[in-house]
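Quick notes on the structure that follows.
In the working numbering, the protein residues as written are 32 to 289.
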């Protein structure tokens, strides 16, 4: 369930932007997104196919757009500038979840760095943020059905609230520090504590014009977190060189409000 405070913040963000930009006459769009997530973390072997596909989950979200190309106050197009005809401002609140396990050559080995199949985890992340979307083709022409497909690129930042979980099937579970000796980790390498951080988000996608007031969307996202604790694991060895990140292929439905 989406945390109430983040939903409240998102609604405040939307209402604030709606009030501000409505005074300028710009129109608005709202939609929903959903799709599979690949979570790239300290679980498993980096660049391993089993890890990438095994540590997959899902994401859902609500999105809002400021459409600069159209004026709601007069039902007419806005001033014909490059920015108005090629950019949209996207606000989003989203949630993604991934069950995490270790995959690769170290999983079944005994002793240090071995027996990792006993250690599993879970990534749970709430996001709120903004992205600026660039459409190489004319937004006006797309809205007028000059073409049915409009590709776009986006870049932005999100504030992430993470709540990881960690499990061990060994005696004493994750509370037993001797269990980490078998993995070659320090006991503090596992810390499923909640926290928050910022992340950078970029994506490539396309819209399909369904009706005059609705679009379908596909969007492939790369999101890089400014923390290595999103998965509750930071074992600080040679195989752990980067912060956590994810790939999210989402599908969406967008409706034009005015």
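We put the beta carbon where it would ideally sit given N, CA and C, even for glycine.
Residue 277 beta carbon less than 7 Å from that of residue 70: yes
Stretch-stretch touch, CB-based, cutoff 8 Å, three pairs: the stretch 237-246 with the stretch 207-217: no
Simplified DSSP assignment, three categories, for residue 277: strand
Environment of residue 131 [buried if 16+ CB atoms lie within 10 Å]: buried
Residue interval of the beta strand (DSSP E) (run including residue 62): 57-71
Backbone CA spacing between residue 87 and residue 154 [nearest angstrom]: 10 Å
Alpha carbon of residue 98 to alpha carbon of residue 274, nearest angstrom: 34 Å
Short Cβ contact (7 Å threshold) for residue 60 with residue 239: no
Assigned secondary structure, residue 217 (DSSP; H/G/I helix, E/B strand, else coil): coil
Residue burial classification, residue 260 (beta-carbon count within 10 angstroms, cutoff 16): buried
Residues that residue 112 bridges to, as DSSP identifies them: Its beta-bridge partners do not exist; DSSP assigns none.
For residue 118, three-class secondary structure by DSSP: strand
Proximity to residue 237 [Cα-Cα], best of 214, 134, 251: 251
Extent of the continuous beta strand (DSSP E) to which residue 209 belongs: Note, residue 209: premise wrong, no beta strand (DSSP E); not H, not E.
Beta strand (DSSP E) segment containing residue 157, residue limits: 150-165
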